[in-house]
Amino acid sequence: MSTLTKRYILNDFAGKINNFLSNPKIAKIIHEHERKFLEMNKSIKPNSRSMTIEILPTTLARISSLAHPIILLSAYFVQFPHIVVDPIQGLLNFLLPLTIIQIAYVVICLPIVGFSTPPATPSKSRAKILAKSKKSMKSPSRVLTVFIALILSGMAVPVLTIVHILLGAPFTSHLLQTILSSTHLSLLSLFPLIYVHGTDSEKWKQILSVYCPLDEVFGATIGAFIGGWLGAIPIPLDWDREWQKWPITIVTGMYLGYNLGKIAGGKIFKGKKIELN
3 MSTLTKRYIL NDFAGKINNF LSNPKIAKII HEHERKFLEM NKSIKPNSRS
53 MTIEILPTTL ARISSLAHPI ILLSAYFVQF PHIVVDPIQG LLNFLLPLTI
103 IQIAYVVICL PIVGFSTPPA TPSKSRAKIL AKSKKSMKSP SRVLTVFIAL
153 ILSGMAVPVL TIVHILLGAP FTSHLLQTIL SSTHLSLLSL FPLIYVHGTD
203 SEKWKQILSV YCPLDEVFGA TIGAFIGGWL GAIPIPLDWD REWQKWPITI
253 VTGMYLGYNL GKIAGGKIFK GKKIELN
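Following our numbering, the numbering of the sequence shown begins with 3 at its first residue and continues without gaps.
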């Protein structure tokens, strides 16, 4: 695959993402979802660094959060045979579906950066709720936050590629495969984190030190990294299988780990911290 062809494919991918977000129907769905959320009798307050991320208190958000792992894994395993045949083309082609799935998940299910949604209590007056709702309306638009989170996630790809190489990825060959693996990891794990936490340095210190309270967003990130690490185990085994090609097992481990971590962090270990001592 020539450099011009690769550049054309990446530019085409970026154009498709831009067209998707600019679609009037998509923008209308996002606006309607935000309106319903703000009208609900739920409180919204600035996000504390020690708080877990709560799913938005809407029926659509709860259903979408449960359906997200099923949709994501189903889409990946439909694409899996193509990834085995041609890892570069297969992983590249799946970037658009992955991006759409992740954008839909964060917009429908997660609070925008700077705000969280703790459960409402009966003692809170409607006046206070309305005041906080008005304050939340001044937060950045979801579409803008999605764009910024995508850009920052893209900027993290070179760093993740270096991490791949330091942990044993091929350096003199298979570089494009490693970059694609890093891109998938960034969209899976970092994009939702950036969407809900932004660039809060103190919060990112907690995340990087693995001392952030577990929720489904942070749990999914931990799961993706652990899954990718464990996914390297089958590669050197003398099985001579097509799916042992770099980086198929690593990317598959990322997807499996992401969804297991999402469930564990959001349901089983929510609010707990990982003790490394």
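Glycine included, every Cβ here is placed at the ideal spot set by N, Cα and C.
Alpha carbon to alpha carbon, how far is residue 82 from residue 92?
8 angstroms
Assuming residue 146 contacts residue 193 under a Cβ cut-off of 8 angstroms, what Cβ separation, rounded to an integer in Å, is found between them?
Actually they do not touch by this definition, with Cβ atoms about 15 angstroms apart.
Just to confirm, is the Cβ distance from residue 275 to residue 215 under 8 angstroms?
yes
Where does the unbroken alpha helix (DSSP H) through residue 226 begin, and where does it stop?
218-232
Pick out the complete alpha helix (DSSP H) segments inside the segment 228-267, 4 residues or longer, and give them in chain order.
250-265
Which class does residue 197 belong to by DSSP, given the choice of helix, strand or coil?
helix
Does DSSP classify residue 215 as helix, strand or coil?
coil
Could you tell me the distance, in whole angstroms, from the CA atom of residue 77 to the CA atom of residue 253?
14 angstroms
So, does the segment 59-76 touch the segment 98-111, judging by three or more C-beta pairs under 8 angstroms?
yes
Hey, residue 185 and residue 171: beta-carbon distance below 8 angstroms or not?
no
Just how far apart, CA to CA, sit residue 148 and residue 161?
21 angstroms
8 angstroms Cβ cutoff met for residue 197 and residue 108
yes
With residue 147 as the anchor, note down where its alpha helix (DSSP H) starts and where it stops.
144-168
Would you check if the distance between the CB atom of residue 144 and the CB atom of residue 164 is smaller than 8 angstroms?
no
With a cut-off of 8 angstroms on the beta carbons, I'd call residue 249 and residue 183 a contact; round off their distance for me.
4 angstroms
8 angstroms Cβ cutoff met for residue 158 and residue 188
yes
Nearest neighbour of residue 97, chosen from 190, 67, 272 [CA to CA]
190
Taking the alpha carbon of residue 169 as the reference point, which residue from 273, 57, 234, 240 has its own alpha carbon closest?
234
Looking only at its chain, what residues have a beta carbon closer than 7 angstroms to the beta carbon of residue 236, apart from the 5 residues adjacent to it on each side?
246, 251
Looking at residue 225 and the ligand MN, is the gap between the Cβ and the nearest heavy atom below 7 angstroms?
The ligand MN is absent from the structure shown, which contains no ligands of any kind.
Whether residue 281 touches residue 200 by CB criterion (8 angstroms):
Nothing about residue 281 can be read from this structure; the chain reaches only from 3 to 279.
Straight-line CA distance for residue 267 to residue 155?
22 angstroms
Count the other CB atoms, across all protein chains shown, that sit within 10 Å of the CB of residue 273; report buried if there are 16 or more and exposed otherwise.
exposed
Which same chain residues end up closer than 6 angstroms to residue 218 when comparing Cβ atoms and leaving out the 5 residues on each side of it in sequence?
264, 267, 268
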